[in-house]
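Structure first, commentary second.
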Amino acid sequence: MILHGLPFDMTAYILAHEATHAYFKLHEGFPSSLPAQVEEGTCQLMGYLYLQYRKVMATPDESSQHAIQLRDWYIQSLVEDTSPVYGDGLRAALHAFNAVNSLQLLLDHIRETSGFPRL
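Under UniProt numbering, the first residue of the sequence shown carries the number 1, and numbering increases by one thereafter.
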């Protein structure tokens, strides 16, 4: 459930995260259960990538100083999260994504191995 009044970027981040869970469950070939760090890390990665996209592509009217600061805070809080599942998972997913330089290759590897590429 998304709360009424939640800022646009946070709402969209949550939707990206949750849509990735749905993708894993509905897309043929993914195992019925992935390790928590892999699944949550990849979901966090999708939200993170969305926020980075918004940071670059937001139009001037969507980029009030408050919106920019809030988006930057969301991104920073994701990267600095200390939880083993969400924070470490995001950092592992981001490292793998940057190494393979392809979201499709990363998802293919997760589907085939239930894990991130060893780099």
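Yeah, the Cβ is synthetic: ideal placement off N, Cα and C, and Gly gets one too.
Length of the line joining the Cα atoms of residue i and residue j
i, j, result
"Y74", "G89", "16 Å"
"A92", "A16", "18 Å"
"P117", "I110", "8 Å"
"V85", "A36", "6 Å"
"Q104", "L119", "17 Å"
"A12", "Y50", "8 Å"
6 Å CB neighbourhood of residue i in its chain, flanking five on each side removed
i, result
"R106", "Note that residue 106 is Leu in the sequence shown here, rather than Arg. Taken in chain order, the residues that qualify are A96, F97 and V100."
Residue i, enclosing alpha helix (DSSP H) - first and last residue
i, result
"E18", "F8 to L26"
"L34", "No alpha helix (DSSP H) contains L34, which DSSP labels as neither H nor E."
"R91", "G87 to V100"
Sequence-distant residues of its chain with Cβ nearer than 7 Å to residue i (five each side left out)
i, result
"R54", "D9 and R71"
Residue i classed as buried or exposed, judged by whether at least 16 other C-beta atoms fall within 10 angstroms
i, result
"T59", "exposed"
"L6", "exposed"
Candidates the options: closest to residue i by CA position
i, options, result
"S102", "M46, E40, F24 and S77", "M46"
"E80", "Q44, S114, T113 and A19", "Q44"
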